[in-house]
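Going by this note's numbering, 813 is the number at position 154 of the sequence shown; the sequence numbering is gapless.
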Amino acid sequence: MIELKDLRRKNFEPKNFWYSKTAEKNNISNVPPQSALVGLMKLADTLQFIRDKIDIPLIISSAYRSHQLNRLIKGSPNSAHLQGLAADILFLDKTPMQTCELILTTGVVFDQMLIEKDVLHFGLKIRDKDCRLEIANSYFDGKKWVKEIIKDKNI
Numbered sequence: 660m661i662e663l664k665d666l667r668r669k670n671f672e673p674k675n676f677w678y679s680k681t682a683e684k685n686n687i688s689n690v691p692p693q694s695a696l697v698g699l700m701k702l703a704d705t706l707q708f709i710r711d712k713i714d715i716p717l718i719i720s721s722a723y724r725s726h727q728l729n730r731l732i733k734g735s736p737n738s739a740h741l742q743g744l745a746a747d748i749l750f751l752d753k754t755p756m757q758t759c760e761l762i763l764t765t766g767v768v769f770d771q772m773l774i775e776k777d778v779l780h781f782g783l784k785i786r787d788k789d790c791r792l793e794i795a796n797s798y799f800d801g802k803k804w805v806k807e808i809i810k811d812k813n814i
């Protein structure tokens, strides 16, 4: 059985993958269930691989989200964050676009990199063969998330 402590990596603590100030402030439990830990293990391994390749600190602002937290922050109802397969990240002193460009140099397989205002949403799939390799600009228009695709494996 996977435990939260198993998320520890050279440059990341387990809490980096699930702690949320918003959840704490709103008295929401955001501790991932066992069902999300497989996804979080893959995410932790992938982010550590990226961090090793690009020798710049990588900041995780959000990874796993409970359904309650995801609704509160108006996350996509089918967000990969719910399965522990996504993180909102930035390299220290880099923009979301610069972070995306740096990750592309590593050759890592990804499902989505969504360039948002303040962060890069980095998403995975459990099976690499299911990944879309999608890069898009993304923003919330007040009602829903809008995605403007820049590139995917079909383009």
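Ideal Cβ positions, reconstructed from N, Cα and C, are used throughout, including at glycine.
For residue i, the first and last residue of its enclosing beta strand (DSSP E)
| i | result |
| --- | --- |
| E672 | Neither: E672 is in no beta strand (DSSP E) and is coded neither H nor E. |
| H726 | It is not in any beta strand (DSSP E) - H726 instead sits in the alpha helix (DSSP H) that spans 726 to 731. |
| K806 | 804 to 810 |
| L783 | That residue, L783, is in no beta strand (DSSP E); it is neither H nor E in DSSP. |
Residue i versus residue j: straight-line alpha-carbon distance, rounded
| i | j | result |
| --- | --- | --- |
| V767 | T705 | 8 Å |
| P692 | E807 | 32 Å |
| K669 | I715 | 13 Å |
| E662 | D789 | 26 Å |
| P755 | D777 | 7 Å |
Limits of the alpha helix (DSSP H) - the one that residue i falls within
| i | result |
| --- | --- |
| D711 | 693 to 712 |
| E683 | 680 to 684 |
| L761 | 755 to 763 |
Beta-carbon proximity check, residue i vs residue j, cutoff 7 Å
| i | j | result |
| --- | --- | --- |
| L773 | S797 | yes |
| R786 | D770 | no |
| L699 | F671 | no |
In DSSP terms, what residue i is bridged to
| i | result |
| --- | --- |
| F750 | L717 |
| E793 | Q771 |
| L663 | Looking at the DSSP assignment, L663 forms no beta bridge with any residue, so it has no partner. |
Selection from the options that minimises the alpha carbon distance to residue i
| i | options | result |
| --- | --- | --- |
| I748 | R710, R730, T764, D811 | R710 |
| D665 | A703, D777, S694, S688 | A703 |
| D800 | G782, K733, D777 | K733 |
| L763 | G743, V690, F708 | F708 |
| I617 | V697, W804, H780, I794 | Since the first and last residues shown for the chain are 660 and 814, residue 617 lies out of range. |
| S725 | E793, A682, G782 | A682 |
| K810 | L751, E793, S738 | E793 |
Interface flag, residue i vs chain C, CB-CB below 7 Å
| i | result |
| --- | --- |
| H726 | Protein chains in the displayed structure number just one, and chain C is not present. |
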